[in-house]
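Visitor: In our numbering, the protein residues as written are 64 to 165.
1. Compare the Cα-Cα distances from residue 102 to each of 137, 94 and 109 and report the closest residue.
2. Between which two residues does the alpha helix (DSSP H) carrying residue 66 extend?
3. Between residue 85 and residue 151, what straight-line distance do the alpha-carbon atoms span, to the nearest angstrom?
4. Taking all protein chains shown into account, do 16 or more other C-beta atoms lie within 10 angstroms of the C-beta of residue 147, making it buried, or fewer, making it exposed?
5. Mind checking who residue 120 pairs with in its DSSP beta bridge?
6. Buried or exposed: residue 105, going by 16 or more other Cβ atoms within 10 Å of its Cβ?
7. Restricting to Cα atoms, I'd like to know which of 135, 127 and 89 is closest to residue 116.
Have a look at this one:
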């Protein structure tokens with residue numbers, strides 16, 4: 064059952080939630096959901112705080128205060144936000160059940 068699996072995974076990862084992020088930077092570009100669930104990433108529209116060479120946020124510790132477009136990835140977002148890329152670890156684990164640390 065998906066709900067039980069999700070609860071087990073949440074218990075496993077919630078304490079180290081931020082560590083799941085691979086810092087790919089894809090969340091720091093404008094995105095939209097296209098047909099058939101694919102994510103369209105507009106690489107010509109990065110966040111003003113993103114270092115496009117390193118894919119690191121220049122204001123990471125204060126990103127939610129300093130950037131109106133920055134949204135925290137939480138469990139609901141990981142499960143249902145159609146603009147998160149399929150290769151995002153949050154999506155892989157919680158939406159597709161690809162828990163690599165079983």
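Every residue, glycine too, gets a C-beta built ideally from N, C-alpha and C. Please read all numbers here as calculations on a predicted model, not as lab measurements.
Guide: Taking the coordinates as given:
1. What you label residue 102 is simply residue 39 of the chain shown in a count that begins at 1. Answer by Cα proximity: 94.
2. Your numbering for residue 66 matches position 3 in the chain shown. First-last of the alpha helix (DSSP H) with residue 66: 65-76.
3. Taking the first residue of the chain shown as position 1, residue 85 is located at position 22. Taking the first residue of the chain shown as position 1, residue 151 is located at position 88. Near 8 Å, if we compare the C-alpha coordinates of residue 151 and residue 85.
4. For this step, residue 147 is matched to residue 84 along the chain shown. Label assigned to residue 147: buried.
5. The residue labelled residue 120 in the question sits at position 57 within the chain shown. For residue 120, DSSP records a beta bridge to 113.
6. Taking the first residue of the chain shown as 1, we reach residue 105 at position 42. Around the beta carbon of residue 105, fewer than 16 other beta carbons sit within 10 angstroms, so the residue counts as exposed.
7. One-based indexing of the chain shown puts residue 116 at position 53. Ranking 135, 127 and 89 by Cα distance to residue 116 puts 89 first.
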